[in-house]
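In what follows, a single structure is set out as structure tokens and then discussed.
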Amino acid sequence: MENKKRTVLIAEDEEDLREMYTQALSGQGFEVLQAINGNEAIEWLERRGKEIDMVLLDIVMPALDGLETLEKIKKNESLKNIPIIVFTNLNNEEDKQQAFALGANGYFVKSQHTPAELVAKIKQFFSEKESGTGKKIV
25 MENKKRTVLI
35 AEDEEDLREM
45 YTQALSGQGF
55 EVLQAINGNE
65 AIEWLERRGK
75 EIDMVLLDIV
85 MPALDGLETL
95 EKIKKNESLK
105 NIPIIVFTNL
115 NNEEDKQQAF
125 ALGANGYFVK
135 SQHTPAELVA
145 KIKQFFSEKE
155 SGTGKKIV
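Residues 25 to 162, numbered by the working numbering, are exactly what the sequence shown covers, in order.
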């Protein structure tokens, strides 16, 4: 983490939440890109996919929701290896199972954790990925 500034793309339609998570991540040294829906997230990934280290996807978004976006990303050969955390207010076991079945690396319920806890989980994910012990973020 110290050697490279990580870039995280946040796809969240609620501006206040998007800004809150952006501040939490940028305050810990991450570069943050923002998208207001799945289509915008795909556009960012098509333009800067090689530079994006992780995507945070809200499930409920206009135009293209998070699970549809996740599916599109994982079907794209050049994007499929980018880690994705689905972060949502929906504590729904069916959505969680679907997210993991589609290839999500994590599922995070916003109402149950602070932004600082999400940032800690993201840092832990990268640390474990670098050491080869990476696992799912739940």
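Yeah, the Cβ is synthetic: ideal placement off N, Cα and C, and Gly gets one too.
Does DSSP classify residue i as helix, strand or coil?
{"i": "residue 54", "result": "coil"}
{"i": "residue 87", "result": "coil"}
{"i": "residue 44", "result": "helix"}
In the DSSP assignment, what residue or residues form a beta bridge with residue i?
{"i": "residue 111", "result": "132"}
Considering just the uninterrupted stretch of the beta strand (DSSP E) at residue i, what are its terminal residues?
{"i": "residue 31", "result": "31-35"}
{"i": "residue 80", "result": "78-81"}
Which first and last residues belong to the alpha helix (DSSP H) in which residue i is found?
{"i": "residue 142", "result": "139-155"}
{"i": "residue 63", "result": "62-72"}
{"i": "residue 101", "result": "Per DSSP, residue 101 belongs to no alpha helix (DSSP H) and is neither H nor E."}
{"i": "residue 117", "result": "117-125"}
Measure the beta-carbon distance from residue i to residue j and round it to whole angstroms, keeping in mind my assumption that it falls under 8 Å.
{"i": "residue 73", "j": "residue 103", "result": "5 Å"}
{"i": "residue 111", "j": "residue 132", "result": "4 Å"}
{"i": "residue 91", "j": "residue 126", "result": "6 Å"}
{"i": "residue 59", "j": "residue 139", "result": "The Cβ separation is near 17 Å, so there is no contact."}
{"i": "residue 128", "j": "residue 108", "result": "5 Å"}
{"i": "residue 77", "j": "residue 30", "result": "4 Å"}
{"i": "residue 45", "j": "residue 142", "result": "7 Å"}
- Query: Does the region 89-97 come within contact of the region 54-72, defined as at least 3 CB pairs closer than 8 Å?
  - Reply: Under the Cβ criterion (8 Å, minimum of three pairs), the region 89-97 counts as touching the region 54-72.
- Report yes or no: do three or more beta-carbon pairs, one from the region 77-90 and one from the region 33-41, lie closer than 8 Å? With a cut-off of 8 Å, the region 33-41 and the region 77-90 count as touching, because enough Cβ pairs lie within range.
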